[in-house]
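Input: a single structure, listed below in structure tokens.
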Amino acid sequence: MFNRKNRALSSGCVRIEKSDQLASILLKEAGWTETRKNTVLASKKTTSAPIRSDNPVFLYYVTAWIENGNIVNLPDIYGYDRQINLAEINWDLVKKYLQ
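Numbering (UniProt numbering), first residue to last: 1 to 99.
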């Protein structure tokens with residue numbers, strides 16, 4: 001799949017901005033130190049950590065936005081644009097976690 005030009009279909013992986021910072025926050029909740037995190041990362045071995053966080057995770061799926069005054073569009077590979085009902089979104093809850 002990684003040789004394809006369009007790799008939109010995957011095994012469920014999600015790109016995360018500032019993934020190292022997120023890992024540090026979550027692993028700290030699991031009792032890990034930065035040293036332990038870095039040691040495990042350097043080992044390149046799959047490792048599990050018991051994260052007991054009740055913090056919600058929001059996936060922000062965007063197919064259009066404004067950049068430098070221009071509209072940027074991407075294909076809606078999952079067909080979510082035609083399914084979403086903006087009136088049903090609890091915007092107060094979304095704003096709470098975006099602040």
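Positions of the beta carbon are idealized from the N, C-alpha and C atoms, including for glycine. Please read these numbers as outputs of a predicted model, since none were measured by experiment.
Asked, Found
"Got a sec? Which residues, its chain only, sit under 7 Å from Ile-51 by beta carbon, not counting five neighbours each side?", "Leu-26, Glu-29, Ala-30"
"For Trp-65, count neighbouring C-beta atoms within 10 Å of its own C-beta (all shown protein chains included) and say buried if the count is 16 or more, exposed if not.", "exposed"
"Would you report the Cα separation of Pro-75 and Thr-63, rounded to the nearest angstrom?", "6 Å"
"Return the Cβ separation of Ala-23 and Ile-77 in integer angstroms, given the expectation that the two are a contact with Cβ distance under 8 Å.", "About 27 Å separates the two Cβ atoms, so there is no contact after all."
"Which residue from Asn-73, Ala-87, Lys-5, Tyr-61 puts its Cα closest to that of Ile-16?", "Tyr-61"
"Tell me whether Asn-85 sits in a helix, a strand or coil according to DSSP, three-state version.", "coil"
"Determine the burial state of Leu-32: buried for a count of at least 16 other Cβ atoms within 10 Å of its Cβ, exposed for fewer.", "Residue identity check: residue 32 is Trp in the sequence provided, not Leu. Trp-32 comes out buried."
"Who does Ala-64 pair with in a DSSP beta bridge?", "Asn-73"
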